[in-house]
Structures are given as C-alpha cells and as structure tokens.
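Participant: Here this note's numbering is used: the sequence shown runs in plain steps of one and ends on residue 321. Where is the CB? At the ideal position from N, CA and C, for every residue including glycine. Values in this document were obtained by computation on a predicted structure and should not be read as measured data. One structure coming up, written as structure tokens, with questions to follow.
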Amino acid sequence: MILLADSGGTKTHWCLLGSDGVSRSFFSGGMHPLVHSDEALQHTLTTEVLPALGTDSAGQVIFYGAACSSAERIAKVNRHLSAVFPDASIQVLHDMLGVARSVCGNDPGMVAILGTGSNAAYYDGDEVYSHVPSLGYVLGDEGSGAYIGKQWIRAVLYGEAPADLAARFLKETQVDKETVLRKVYIEPNANAFLASFCPFLHNHLHDAFVHDLVLTSFRLFLQRIVKKHEVWRELSLGCVGSVAFHFKPVLEEAAGLEGVRLGEVIRDPMEGLVRYYSRKS
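This is how it looks when you write it as structure tokens:
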C-alpha cells in the first residue's frame with residue numbers, strides 16, 4: 041500500500057492507494073516545515089493521521105509538501121514521518137513536483153500552486169525547475185490566499201476599502217486591529233489566518249474594489265513568478281489550489297492581460313497523483 045500526501049500551509053490531503061485503487065482518503069492539518077514546529081508536526085501525525093488510518097498500514101509513504109525544497113526542510117518532515125511509520129519507505133518531495141505530476145503526468149508544462157501560498161515552475165516531464173525563489177507569505181506568495189488576505193485586511197484597517205463592505209466584513213469575522221496584530225505577529229499560522237478572508241472576498245467578487253484587488257494579485261504573480269521562466273510563452277500554465285479554483289474567472293482575466301496561456305485549473309492535485317501512481321503500479 042502507498043500512502044500519498046499533498047501538504048500545504050493549511051491542510052494535508054492523505055490517500056491510501058492499493059492495487060484495487062483508493063482504500064482511504066482523509067485530511068489533516070498542514071505540515072509546512074517553515075510554518076509548523078516539530079511539536080506541531082508530531083501532533084498532527086499522532087492525533088490526526090494515525091487515528092484516521094486505523095488498522096491500515098503503508099509500505100511506502102510519498103509526501104509532497106510545501107517548502108520541501110531544501111535538505112534541511114526535507115529532513116525535518118522525514119524525521120517525523122519515519123517516527124510514526126518506522127517500517128515504511130519514506131519519500132519527501134517538493135509540492136511543485138506533485139502538482140506537475142498531477143496536471144501534466146509525464147508531459148512538459150508550466151505549473152503553479154495558488155492556495156494558502158503560491159509558487160510556479162517549469163516541468164520537463166520528469167523534474168521541476170524554478171527560476172524564482174519561494175519567499176513565503178511575508179516577502180512573497182503573490183496571488184496566494186495569504187497575499188490576497190493581507191492586501192484586503194490592510195485596506196480595511198487603513199480605511200481604503202469601501203466603508204460598507206469593510207463594516208460587513210468586520211461584523212461577520214469579528215476581527216479588529218488588535219486581533220489581526222495578535223494573529224499575525226504573535227500566534228502561529230498567520231498565513232492561514234490571512235488566507236481565511238478569501239471566502240468573504242469570493243462572495244463579494246462582484247464589488248469592483250475586491251475584483252481589482254484579486255486581479256492585481258494574480259497579475260503580480262504572473263509577472264514576478266511565472267514570466268521569469270523563459271519557456272512561459274511556449275507552454276500552457278496548469279494551476280492547482282483552492283484560490284486558483286474558486287477565483288478562476290479572475291485568474292483567466294489576469295492571464296489574458298499578461299498574455300499567459302492558461303491550461304487546466306483544479307482544486308486538489310490528489311486525483312491526478314492517484315492517477316499518476318496507479319499507472320506506475
């Protein structure tokens with residue numbers, strides 16, 4: 041049995057794959073090595089993943105994770121996976137490779153993640169190559185849920201957002217300046233907190249201010265990340281993630297304005313990963 045995992049800043053999708061197909065699928069908290077501490081990673085595995093698996097076991101664990109692009113971060117995740125799956129073969133891979141295999145299979149293409157965070161890379165059908173470093177939600181992540189949420193809450197607190205919409209947002213979310221500052225600067229998972237504003241923005245996408253904020257965020261993502269890859273004109277851009285999926289019309293608009301050819305846009309890469317590994321088995 042193969043236990044597949046696709047992990048971002050907010051959640052991890054797990055899928056147990058056997059010779060007869062998927063036997064179990066479930067979600068746990070995110071396992072981001074830059075955002076989550078050792079204690080948090082261990083807690084997620086022992087209190088969420090193992091109970092969800094029950095008596096099922098996996099001989100192989102293939103974990104695709106956000107920020108799993110350096111030896112140090114890979115080792116951090118690997119250490120915790122090995123502790124709870126001591127008899128399994130463990131692979132920790134970058135989530136961009138998972139996205140590429142999900143939407144492209146073995147064909148070349150440009151691929152992007154637009155979820156809580158964001159990233160993009162060129163996929164040659166075997167490996168992914170990124171020409172732009174992933175800077176995380178503080179310095180980068182343009183087009184992501186965290187980035188869009190950050191632009192929105194700043195506009196609200198600066199008094200730049202439409203007054204009636206800002207008032208409705210503050211009433212619905214029950215946040216104020218002190219709550220925002222505490223959640224962003226003191227408490228963990230600030231990226232997920234900022235991204236949590238996206239459902240409200242999606243519900244008010246008809247508002248010109250919200251539409252332009254999201255459109256600008258996507259255009260910056262395409263300009264700063266996607267178009268830094270020389271092959272961007274030659275290949276379509278496949279996108280994965282909740283933000284890409286739910287804001288697809290605005291993403292299509294941004295791509296049109298930037299001259300980017302948009303390919304498949306899906307919410308969750310797991311379906312494609314199951315297909316990829318089923319073909320290999």
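List the whole-angstrom C-beta distance separating Phe233 from Thr213, where the pair is believed to meet the contact cut-off of C-beta under 8 Å.
Facilitator: No, Phe233 and Thr213 are not in contact; Cβ-Cβ is about 10 Å, not under 8 Å.
Participant: Below 8 Å CB to CB, which residues in the same chain sit around Met41 once its five sequence neighbours on both sides are set aside?
Facilitator: The answer, listed in chain order, is Leu56, Leu57, Gly58, Ser63, Asp96, Ser97, Ala98, Gly99 and Gln100.
Participant: Return yes when the Cβ of Phe261 is within less than 9 Å of the Cβ of Ser174, no when it is not.
Facilitator: Taking 9 Å as the Cβ cut-off, Ser174 and Phe261 do not qualify as a contacting pair.
Participant: How many whole angstroms separate the CB atoms of Val300 and Cys279, which I take to be in contact at a CB cut-off of 8 Å?
Facilitator: Actually they do not touch by this definition, with Cβ atoms about 10 Å apart.
Participant: Return helix, strand or coil for Gly70, following the three-state DSSP convention.
Facilitator: Coil.
Participant: Measuring CB to CB, does Phe249 end up less than 9 Å from Phe209?
Facilitator: No, the Cβ-Cβ distance between Phe249 and Phe209 is not below 9 Å.
Participant: If contact is defined by three or more beta carbon pairs under 8 Å, each pair taking one atom from either stretch, is the stretch 111–126 in contact with the stretch 63–77?
Facilitator: Enough Cβ pairs lie closer than 8 Å, so yes.
Participant: Under the assumption that Cys108 contacts Asp78 (Cβ atoms under 8 Å), give the Cβ distance between them as a whole number of angstroms.
Facilitator: Rounded, the Cβ-Cβ distance is 15 Å, inconsistent with contact.
Participant: For the alpha helix (DSSP H) containing Lys211, name the first residue and the last one.
Facilitator: That run of the alpha helix (DSSP H) goes Ala203 to Thr213.
Participant: Pull up the CB-CB distance for Ala140 and Tyr163, whole angstroms please, since I reckon it's below 8 Å.
Facilitator: Their Cβ separation, rounded to whole angstroms, is 4 Å, which keeps Ala140 and Tyr163 in contact under 8 Å.
Participant: In the structure shown, what three-state DSSP assignment does Gln46 receive?
Facilitator: Checking the sequence shown, residue 46 turns out to be Asp, not Gln. Three-state result, Asp46: strand.
Participant: Identify whether Ile265 lies in helix, strand or coil by the three-state DSSP scheme.
Facilitator: Ile265 falls in the coil class under three-state DSSP.
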